[in-house]
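Chemist: Sharing a structure here in structure tokens format.
Residue numbers (this note's numbering): 5 to 404.
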């Protein structure tokens with residue numbers, strides 16, 4: 005392991021993060037941003053370059069002469085970002101700096117259990133590495149979002165309502181059994197979080213102007229990721245944002261898969277809308293069919309989606325009064341309907357929440373769409389790898 009002290013590691017982390025964010029990409033800019041002397045910056049940058057974490061690109065010669073060398077994160081430190089949903093799996097292989105290398109999407113049934121699903125993830129990771137012509141030794145992090153509550157520190161799934169067979173399963177242990185161990189020369193970090201937290205972090209990273217953001221996923225279920233003052237808020241046990249099981253008055257007869265009745269997820273999610281449409285005689289297996297029917301102009305489907313928008317808006321109006329966000333971002337499969345869903349959400353929120361809380365509130369659909377999960381997972385992994393602890397690991401096991 006590295007023998008560097010905590011302060012030195014913190015300084016190295018700060019420099020690497022400034023380069024990662026694009027805030028400072030030259031030595032002079034790093035000195036200005038950190039307040040360190042040019043000599044101190046040079047010493048730290050040289051170390052990061054020597055250990056394979058930073059590279060200096062050759063400048064383009066212009067009529068005004070040769071500009072300073074530009075710094076960027078090394079392309080040989082790789083991250084596998086994984087977004088697991090109830091019915092889909094999306095993987096993205098990226099560099100530490102976020103450059104995309106390869107991607108894959110597969111339909112799954114999350115209820116097939118952890119061994120089946122994670123084996124598929126492992127196999128797809130191998131395919132992405134092969135397609136990118138990259139060795140497995142370059143992979144330094146798995147970052148995985150799952151559609152259920154997670155104990156973030158251990159990567160353990162805790163009593164998930166829609167993930168049969170996953171309760172108590174420690175996801176990092178699976179990858180360690182595949183040879184991605186934490187304390188050997190092939191060390192790979194495995195991060196696990198709720199999928200909506202990943203999406204919220206991805207959306208926030210894409211739009212840094214929103215420091216207080218709620219990301220609402222409306223898909224098979226309904227969930228919320230919370231960004232508070234630029235920081236992902238997980239709560240005391242990682243259960244923050246589980247809004248799908250907030251009860252809606254007047255729907256006490258609707259049984260939710262969590263065991264309670266009247267939950268907004270049981271009334272207004274993609275799965276709930278599809279069920280209502282089936283009862284009306286329409287062919288609607290899930291959220292994708294709901295989107296198809298609305299896109300085709302089916303009046304029954306459109307009315308049902310607008311009603312769901314009002315019901316979701318009732319819950320969000322309370323969240324706005326409580327959290328006072330500056331942005332609510334709607335994502336998930338049903339968010340593809342844009343105005344059909346947003347119009348009624350906006351109407352209820354602006355009518356029910358206090359004017360001060362809604363004065364500068366933006367309610368929009370996700371700019372990242374279906375890629376919000378893998379974008380957030382990749383950025384979360386990069387932040388972890390570039391933390392002082394992460395930097396210490398990478399320096400101890402340089403990639404060349």
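Backbone N, C-alpha and C fix where the C-beta goes; we use that ideal spot for every residue, glycine too.
Distance check for residue 61 and residue 244, CA to CA, integer angstroms please.
Modeler: Spanning the two alpha carbons is a distance of roughly 42 Å.
Chemist: To which residues does DSSP link residue 146 through a beta bridge?
Modeler: BP columns for residue 146 point to 84 and 194.
Chemist: Is the number of C-beta pairs between the region 101-111 and the region 164-172 that are closer than 8 Å three or more?
Modeler: No: the two stretches stay apart, fewer than three of their Cβ pairs being nearer than 8 Å.
Chemist: Is it true that the region 195-206 meets the region 314-321, where meeting means three or more beta-carbon pairs spaced less than 8 Å apart?
Modeler: The region 195-206 vs the region 314-321: no contact.
Chemist: Are residue 292 and residue 298 closer than 8 Å when you measure CB to CB?
Modeler: For residue 292 and residue 298, no; Cβs fall outside 8 Å.
Chemist: With distance defined between alpha-carbon atoms, name the residue in 100, 10 and 22 nearest to residue 56.
Modeler: It is 100.
Chemist: For the region 206-275, which segments carrying the alpha helix (DSSP H) assignment without a break, of at least 4 residues, lie completely within its bounds, in sequence order?
Modeler: Qualifying alpha helix (DSSP H) stretches, in chain order: 268-272.
Chemist: Please look up how many angstroms separate the CB atoms of residue 20 and residue 52, rounded, as I've assumed it's under 8 Å.
Modeler: That belief holds up - the Cβ atoms of residue 20 and residue 52 are roughly 6 Å apart, short of 8 Å.
Chemist: Quick one: using the 10 Å Cβ neighbour count with 16 as the cut-off for buried, is residue 398 buried or exposed?
Modeler: It counts as buried.
Chemist: So, at 6 Å on beta carbons, what are the nonlocal neighbours of residue 328 in its own chain, with the 5 sequence-adjacent residues on each side left out?
Modeler: Cβ neighbours of residue 328 beyond the five flanking positions: 361.
Chemist: Can you tell me whether DSSP reads residue 300 as helix, strand or coil?
Modeler: Note: residue 300 maps to coil in three-state DSSP.
Chemist: Apart from the five residues on each side of it in sequence, which residues of its chain come closer than 6 Å, Cβ to Cβ, to residue 470?
Modeler: This structure gives no information on residue 470, because the portion of the chain shown stretches from 5 to 404.
Chemist: Contact between the region 231-238 and the region 275-290 is defined here as three or more beta-carbon pairs at a separation below 8 Å; is this criterion met?
Modeler: Touching, no, given that fewer than three Cβ pairs across the two stretches are closer than 8 Å.
Chemist: Below 8 Å, can you find three or more Cβ-Cβ pairs linking the region 375-392 to the region 83-93?
Modeler: At 8 Å Cβ cutoff, the stretches touch.
Chemist: With the cut-off set at 8 Å, would you say residue 255 and residue 271 are in Cβ contact?
Modeler: Yes; because the gap between Cβ atoms is below 8 Å, this pair is in contact.
Chemist: Can at least three beta-carbon pairs, one atom from the region 126-146 and one from the region 383-391, be found at a separation below 8 Å?
Modeler: Touching, yes, given that three or more Cβ pairs across the two stretches are closer than 8 Å.
Chemist: Using three-state DSSP, classify residue 96 as helix, strand or coil.
Modeler: In this structure, residue 96 counts as strand in the three-state DSSP scheme.
Chemist: Please classify residue 72: does DSSP put it in a helix, a strand, or coil?
Modeler: Coil at residue 72, not helix or strand.
Chemist: Can you give me the Cβ contacts of residue 334 inside the same chain, cut-off strictly under 6 Å, excluding the 5 residues immediately before and after it?
Modeler: Cβ within range, chain order: 220 and 369.
Chemist: State the Cα-Cα distance for the pair residue 165 and residue 227, rounded to the nearest angstrom.
Modeler: Going from the Cα of residue 165 to the Cα of residue 227 covers about 12 Å.
Chemist: In whole angstroms, give me the CA-to-CA distance for residue 200 and residue 151.
Modeler: Roughly 8 Å between the two C-alpha positions.
Chemist: How long is the line joining the alpha carbons of residue 308 and residue 274, rounded to whole angstroms?
Modeler: If you take the alpha carbons of residue 308 and residue 274, they lie about 10 Å apart.
Chemist: Output needed for residue 74: all residues of its chain with C-beta closer than 8 Å, excluding positions within five of it in sequence on either side, in chain order.
Modeler: Closer than 8 Å at Cβ, skipping near neighbours: 29, 30, 60, 61 and 63.
Chemist: Just grab the DSSP bridge partners of residue 58 for me.
Modeler: Per DSSP, 77.
Chemist: Confirm, please, whether the CB-CB distance from residue 216 to residue 330 is below 8 Å.
Modeler: Result yes, Cβ atoms of residue 330 and residue 216 sit closer than 8 Å.
Chemist: Suppose the cutoff is 7 Å on Cβ atoms and the five residues either side in sequence are ignored; what does the same chain contact list for residue 344 look like?
Modeler: So the qualifying residues of the chain are 298, 306, 309 and 310.
Chemist: Closest by CA to residue 340, which one among 348, 295 and 380?
Modeler: Minimum Cα distance to residue 340 is reached at 295.
Chemist: How would you call residue 137, buried or exposed, if buried means at least 16 neighbouring beta carbons within 10 angstroms?
Modeler: Counting Cβ neighbours within 10 Å, residue 137 comes out exposed, since fewer than 16 surround it.
Chemist: Run the CB neighbour count on residue 35, radius 10 Å, all protein chains shown included, and call it buried at 16 or more, exposed below.
Modeler: Under this definition residue 35 is a buried residue.
Chemist: Taking all protein chains shown into account, do 16 or more other C-beta atoms lie within 10 angstroms of the C-beta of residue 238, making it buried, or fewer, making it exposed?
Modeler: The residue is buried, with at least 16 neighbouring Cβ atoms inside 10 Å.
Chemist: So, using beta-carbon positions, are residue 198 and residue 154 closer together than 8 Å?
Modeler: The answer is yes: Cβ separation under 8 Å.
Chemist: Helix, strand or coil for residue 111? Go by DSSP, reduced to three states.
Modeler: If DSSP states are grouped into helix, strand and coil, residue 111 belongs with the strands.
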